[in-house]
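When the letters of the sequence shown are read in order and numbered with the working numbering, they come out as residues 187 to 562. The structure under discussion appears below in the form of structure tokens.
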Amino acid sequence: EGVRFEQEGSTEAIEITVTPLGQTAALKGLLLVVLGEPRPSAAPQPDIVAEPGSRQREAELERELLATREYLQATVEELQSANEESLAVNEELQSANEELLTSQEEAQSVNEELVTLNSELNTKLDELQVANNDLTNLLTRVDVGILFLDREFHVRRFNRAAAEIVNLIPSDVGRPISHISSRLPNADWLTTARVVFQSLVPHAAEVERDDGRWYSMHIDAYRTSENAVEGVILTFSEITLLKQVEQDLRHAQIGELVETVHEPLIVLDAGLRVRQANRAFYRSFGVDPRETEGRLLYELGSHQWDIPRLRELLETIIPRDAGFEGFEVEHEFEGAGYRHMVLNARRLDARDGRPDLILLAIEEGQKGKRDQAHGA
């Protein structure tokens, strides 16, 4: 740029040129100022008279320039629109990224919950394994036969003692029990098991194996911890020795003594099952030995002997080594009519490891005698 100034009464002119320096980091921000002689101005050009053809060319150039400007304006607008769309897409991407981060956090939280649940499940599995080991050891070491059947009466589980009674092998688990032949030919225990499953009433019976060994069989519903019935459980306790004692009792002197008594007399074992009764009892109450011997006293005559006070007295004889006398009972017996009885009971000491026995004597009460006399 040309600058004029006065110096010693004369006017001087200089040319000032300013150039920024930014080629290197060290020169960044500096300016180069050069002072020099002013350059001579260009000679004035003579006026050019426009020819008619140049005006037409000038008009074409102006039209081209206007078209170019309009094209550039349209391009700028398209670029602005594209930029706005890019900004919108960027915002959507930002939103999607935030949602992705949120989903990632939720997935992390779910993963932590799954890890916790997996740990709890492993703990439960360990507890279940311990319980299963305990049950396996228990079933293996008890002498009582135990058999589990599911709702369809398929073999669910059994122990060695039960396998010797029902002819079971490990591969029978899951098979219908009806497809397996047992060693209890005279016991329709499967039908009884179905009845127990339907009625939920336990059942007990004495069954004989094909080799002559005897078992006390108990059938009950199999219940879960939620009290849902999922099958039945059968247990078999061997009572062969008890049966032998029963046979010995029939031929012993006590058996002869029982028959010599004119009053009704019953011999009970420690479980209060009838081992023997004399003729006076059968004659007086009109029952048959096949319906009496081997059955619980309380089951006789359609549970007519299931008297709570009598049950209480009998169940105290064995543990307390005691007896009772003069227990009066008034009852209407099916087939025998109204009876007024006086009951006396005594325990017989066991010998040679045999089970204890109870003698239950039944006398006619005074009221019963008067009724009989009036009837006569």
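Quick reminder that beta carbons are idealized off the backbone N, C-alpha and C, glycines included. For clarity, every value in this text was computed on a predicted model and none was experimentally measured.
- Cα atoms of P450 and Y401: separation of roughly 30 Å, rounded to the nearest angstrom.
- Where E350 is concerned, the enclosing alpha helix (DSSP H) starts and stops at R346 to V352.
- When rounded, the separation of the alpha-carbon atoms in R342 and E412 is 19 Å.
- As DSSP reads the structure, N530 sits in a beta bridge with A547.
- Around the beta carbon of L314, fewer than 16 other beta carbons lie within 10 angstroms, which makes this residue exposed.
- Comparing alpha carbon positions, the residue from V447, L500 and T446 closest to V460 is L500.
- DSSP places R469 in the uninterrupted alpha helix (DSSP H) bounded by R465 to F471.
- Taking C-beta atoms under 8 Å as the contact rule, D329 and A456 fail to qualify, at a distance of about 19 Å.
- A distance below 7 Å separates the beta carbons of D492 and Y484.
- With respect to the 7 Å criterion, V382 and I419 are not classified as neighbours on the basis of their beta carbons.
- In this structure, the alpha-carbon of A293 lies about 12 Å from that of V301.
- Counting only runs of 3 or more residues that sit fully inside the region 380-418, the beta strand (DSSP E) segments are 389-394 and 400-409, in chain order.
- When the Cα atoms are used, E477 and N530 turn out to be separated by approximately 23 Å.
- F422 and E299 have their C-alpha atoms spaced approximately 48 Å apart.
- Only buried fits V444, as 16 or more other CB atoms lie within 10 angstroms of its CB.
- Sorting D397, I452, L496 and R465 by C-alpha distance to the C-alpha of R481 places I452 at the top.
- A residue is called buried once 16 or more other Cβ atoms fall within 10 Å of its Cβ, and L217, having fewer, is exposed.
- DSSP, read as helix, strand or coil, puts V444 in helix.
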